[in-house]
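Protein sequences, first through last, are from chains A and B. Take any residue in the first sequence, note its place counting from 1, add 935, and you have its number in our numbering. Take any residue in the second sequence, note its place counting from 1, add 1, and you have its number in our numbering. Have a look at the structure below, then the notes.
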Amino acid sequence: APLSPTSALPPYFMKGSIIQLADGELKRVEDLRTEDFLQSAEVSGELKIDSSTVERIDTSRTPDAVIIQFSVGEHKAQVCVEVLVEYPFFVFGQGWSSCCPDRTTQLLALSCAKLSVGDVCISLTLKSLR
Amino acid sequence: NVEPRSVPVFPWHSLVPFLETSQSN
């Protein structure tokens, strides 16, 4: 199948993109570590890191897309998202991962691991949310 | 002569999703 255009993915996932952490430090997207997100959430004061565990990964009717079911946060809310197979998620302790790492690397030059059921991804929530 | 060019800088929180479904206070 023809590759979806990179424009379908946010520009900040492109290797070499400059990311500003909450303390002002600048890092390249490919150099980010789990600690960078944890510390930035601490500094931000408004945001909290949630652990979102991949429960299921199903094919979608949308071409080149999958439906990922997550168990989110301490309440284990069940959330489903439909994303392109190359969309990268940040897995705790592992780094960028997607359902189709080769495609992610081909489109974004971002090295990627394979996202699998059981992986725990970083997601955000507002501290003000109950 | 290298023309200076602006490099976009993205905030860290744009990289990870908001997945929580709870209602706000």
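Even glycine gets a Cβ: it sits at the ideal position worked out from N, Cα and C. Just so we're clear, the structure is a prediction, and the values are computed from it rather than from any experiment.
Minimum Cβ-Cβ distance from residue i to chain A less than 8 Å
{"i": "VAL3(B)", "result": "no"}
{"i": "SER7(B)", "result": "no"}
Reduced DSSP category for residue i - H, G, I as helix; E, B as strand; rest coil
{"i": "PRO940(A)", "result": "Residue placement at PRO940(A) is flagged as unreliable, the pLDDT there being 48, under the threshold of 50; the coordinate-derived value follows with that caveat. Correct three-state label for PRO940(A): coil."}
{"i": "VAL964(A)", "result": "helix"}
{"i": "LEU1043(A)", "result": "helix"}
{"i": "PRO5(B)", "result": "coil"}
{"i": "ASP1037(A)", "result": "helix"}
Neighbour flag for residue i against chain B, beta carbons, 8 Å
{"i": "ASP966(A)", "result": "no"}
{"i": "PRO946(A)", "result": "yes"}
{"i": "ASP971(A)", "result": "yes"}
{"i": "ILE1002(A)", "result": "no"}
Residue i - containing alpha helix (DSSP H), residue span
{"i": "SER975(A)", "result": "969–979"}
CA nearest to the CA of residue i, picked from the options
{"i": "LYS1062(A)", "options": "LEU944(A), GLY980(A), PHE1027(A)", "result": "GLY980(A)"}
{"i": "SER1058(A)", "options": "ASP1037(A), GLY1008(A), GLN1029(A)", "result": "GLY1008(A)"}
{"i": "GLU21(B)", "options": "ASP966(A), VAL1026(A), ILE984(A)", "result": "ILE984(A)"}
{"i": "PHE1005(A)", "options": "LEU1050(A), LEU1064(A), MET949(A), LEU956(A)", "result": "LEU1050(A)"}
Segment limits, beta strand (DSSP E) that includes residue i
{"i": "TRP1031(A)", "result": "1030–1033"}
{"i": "SER1006(A)", "result": "1000–1007"}
To be precise: take each residue of the stretch 981–993 of chain A, compare its Cβ to all Cβ atoms of chain E, and keep it if any distance is under 7 Å. Which residues remain? Of the chains in the structure shown, none is chain E; the protein chains are A and B.
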